[in-house]
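Reviewing the structure listed below.
Rendered as structure tokens:
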């Protein structure tokens, strides 16, 4: 049986998500997430707050981290290192796209 | 259900040790992980080998897989008659699922039963769904409503797994870029026993446009000019995604110059990128005698030397 059509807007990447939502979306443990924040791979809105909240865009990063943890069997520090390399690759690819756009 | 030879996929013998299986997976992961691999079909290959490793690294799943018997890869097969009773209680059938679903069901069944004790009423979150959304440039520029048909893996009441079609209509905001990932909250699988519904994650792919090149929120378009237009200046009609605009080209415009059309790029949230028209000087390749004479007259009378700086640099 096909479920009925559901109307749904995509989330605003700057909307706020809770620590619990981030944990559920990523499947990472609280301890893993806390380590990723400690290593700078994830950044809460207010690192000094007693309960962290995040911009929704970090959900995608947290899921990526979870994939890397699972697929490469890395500890959280290893995940944070690989994430930083992935971010560098994305920035370089964006620069290449920008140059190609300008050069035609 | 089609058979996959997980041992062959990882390149190990059927009696390989757990360490050998792990080493084989890690070697292949380094080569095919989609985050870094430029190999053709890396994503597909990685998905296959990750599925194989997920089953073979777990002793219980590996034993269950071995009991399926050996078949030719890609061959339609059914588990042996007593396999379901032993490893997949509650699984109603095997025709609408594939091998990875079957072993996902094994893992999920274990989690849902509390890993040993029955905790059937524990709140369980719904699965997250992922889908690729392919947009035209126009859809990305203006935003679009898309209708997605997903075949999601869900639990049935008897504890088995099955693929259920779902339709989700969602609004893609304007200004999305190729490679972007969007989250649609609460539109994944249904949670159980009061658990939250899963989310839907969309991978956005945007087709290239024949005229407009995208860089972040900015757009680039070539503006071809005849030599006399660049020298004397002119007004041109320039196409933009929101309709043509009149662009004033000042006298003395040079090749490669970028003319900015503010706010005419991809809009996103409250702002918008810019559009840049990049000047290209095009010369006529076919001229008649009269035109050639006019060009010769211009050449003979002009003191302009575009290569003056080359002589100066060479003389240093």
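Protein chains in written order, with this note's numbering: chain W, 69 to 172; chain Y, 471 to 786. All C-beta atoms in this analysis are idealised placements derived from N, C-alpha and C, irrespective of residue type, glycine included.
Spatial distance of residue i from residue j (CA atoms)
| i | j | result |
| --- | --- | --- |
| residue 620 of chain Y | residue 658 of chain Y | 10 Å |
| residue 738 of chain Y | residue 595 of chain Y | 32 Å |
| residue 483 of chain Y | residue 477 of chain Y | 6 Å |
| residue 493 of chain Y | residue 693 of chain Y | 55 Å |
| residue 553 of chain Y | residue 106 of chain W | 46 Å |
| residue 132 of chain W | residue 644 of chain Y | 24 Å |
| residue 69 of chain W | residue 573 of chain Y | Any answer about residue 69 of chain W is weak, because its pLDDT of 43 lies below 50 and its placement is not dependable; what the coordinates show is given next. Computed Cα separation, rounded: 24 Å. |
| residue 733 of chain Y | residue 740 of chain Y | 11 Å |
| residue 474 of chain Y | residue 545 of chain Y | 8 Å |
| residue 570 of chain Y | residue 715 of chain Y | 54 Å |
| residue 168 of chain W | residue 550 of chain Y | 56 Å |
| residue 74 of chain W | residue 516 of chain Y | With a pLDDT of only 47 at residue 74 of chain W, under the threshold of 50, the placement of this residue in the model should not be trusted; the figure read from the coordinates follows. Whole-angstrom Cα-Cα distance: 32 Å. |
| residue 83 of chain W | residue 113 of chain W | 11 Å |
| residue 166 of chain W | residue 743 of chain Y | 13 Å |
| residue 518 of chain Y | residue 479 of chain Y | 7 Å |
| residue 713 of chain Y | residue 707 of chain Y | 10 Å |
| residue 729 of chain Y | residue 161 of chain W | 25 Å |
| residue 557 of chain Y | residue 541 of chain Y | 19 Å |
| residue 754 of chain Y | residue 711 of chain Y | 29 Å |
| residue 609 of chain Y | residue 163 of chain W | 24 Å |
Residue from the options with nearest C-alpha to residue i
| i | options | result |
| --- | --- | --- |
| residue 130 of chain W | Y:706, Y:685, Y:651 | Y:651 |
| residue 109 of chain W | W:123, W:149, W:165 | W:149 |
| residue 646 of chain Y | Y:635, Y:633, Y:688 | Y:688 |
| residue 101 of chain W | W:115, W:153, W:164, W:144 | W:144 |
| residue 599 of chain Y | Y:637, Y:710, Y:610 | Y:637 |
| residue 563 of chain Y | Y:525, Y:742, Y:471 | Y:471 |
| residue 592 of chain Y | Y:779, Y:661, Y:705, Y:761 | Y:661 |
| residue 522 of chain Y | Y:488, Y:771, Y:611 | Y:488 |
| residue 601 of chain Y | Y:665, Y:502, Y:671, Y:496 | Y:671 |
| residue 640 of chain Y | Y:623, Y:537, Y:613, Y:664 | Y:613 |
| residue 520 of chain Y | Y:539, Y:533, Y:497 | Y:497 |
| residue 567 of chain Y | Y:622, Y:709, Y:607, Y:664 | Y:622 |
| residue 524 of chain Y | W:138, W:128, W:152 | W:138 |
Test: residue i CB closer than 7 Å to a CB of chain Y
| i | result |
| --- | --- |
| residue 71 of chain W | Here the model assigns residue 71 of chain W a pLDDT of 44, short of 50, so the residue's position is not dependable and the matter cannot be decided. |
| residue 129 of chain W | no |
| residue 123 of chain W | no |
| residue 108 of chain W | no |
| residue 166 of chain W | yes |
| residue 172 of chain W | yes |
| residue 113 of chain W | no |
| residue 139 of chain W | yes |
| residue 74 of chain W | A caution first: residue 74 of chain W carries a pLDDT of 47, below 50, which makes its placement in the model unreliable, though a value can still be read off. It does: the Cβ of residue 74 of chain W has a partner Cβ on chain Y nearer than 7 Å. |
| residue 79 of chain W | yes |
Whether residue i touches residue j by CB criterion (7 Å)
| i | j | result |
| --- | --- | --- |
| residue 725 of chain Y | residue 749 of chain Y | yes |
| residue 676 of chain Y | residue 605 of chain Y | yes |
| residue 656 of chain Y | residue 667 of chain Y | yes |
| residue 654 of chain Y | residue 78 of chain W | yes |
| residue 97 of chain W | residue 121 of chain W | no |
| residue 680 of chain Y | residue 703 of chain Y | no |
| residue 616 of chain Y | residue 634 of chain Y | no |
| residue 154 of chain W | residue 505 of chain Y | yes |
| residue 172 of chain W | residue 134 of chain W | no |
Beta carbon proximity, residue i to chain W, threshold 7 Å
| i | result |
| --- | --- |
| residue 654 of chain Y | yes |
| residue 535 of chain Y | no |
| residue 690 of chain Y | yes |
| residue 685 of chain Y | yes |
| residue 520 of chain Y | yes |
| residue 651 of chain Y | yes |
| residue 595 of chain Y | yes |
First and last residue of the uninterrupted beta strand (DSSP E) at residue i
| i | result |
| --- | --- |
| residue 708 of chain Y | 704-708 |
| residue 599 of chain Y | 599-605 |
| residue 746 of chain Y | 745-751 |
| residue 690 of chain Y | 688-695 |
| residue 473 of chain Y | Where residue 473 of chain Y is concerned, there is no enclosing beta strand (DSSP E), given that its DSSP letter is neither H nor E. |
| residue 675 of chain Y | 670-676 |
| residue 592 of chain Y | First-last for residue 592 of chain Y: undefined, no H or E at that position. |
Host alpha helix (DSSP H) of residue i (start-end)
| i | result |
| --- | --- |
| residue 139 of chain W | 125-140 |
| residue 159 of chain W | 144-171 |
| residue 501 of chain Y | 488-502 |
| residue 760 of chain Y | 759-771 |
| residue 782 of chain Y | 778-785 |
| residue 105 of chain W | 98-106 |
| residue 514 of chain Y | 512-526 |
| residue 536 of chain Y | 529-536 |
| residue 719 of chain Y | Counting along the chain, residue 719 of chain Y falls outside any alpha helix (DSSP H), though it belongs to the beta strand (DSSP E) covering 715-719. |
| residue 89 of chain W | 87-94 |
| residue 788 of chain Y | Residue 788 of chain Y lies beyond the stretch modelled for chain Y, which goes from 471 to 786, so this question has no answer here. |
Proximity test, residue i beta-carbon vs the ligand SAM heavy atom, cut-off 6 Å
| i | result |
| --- | --- |
| residue 118 of chain W | Inclusion of the ligand SAM in the displayed structure is not the case, the ligand content being empty and no account of it being possible. |
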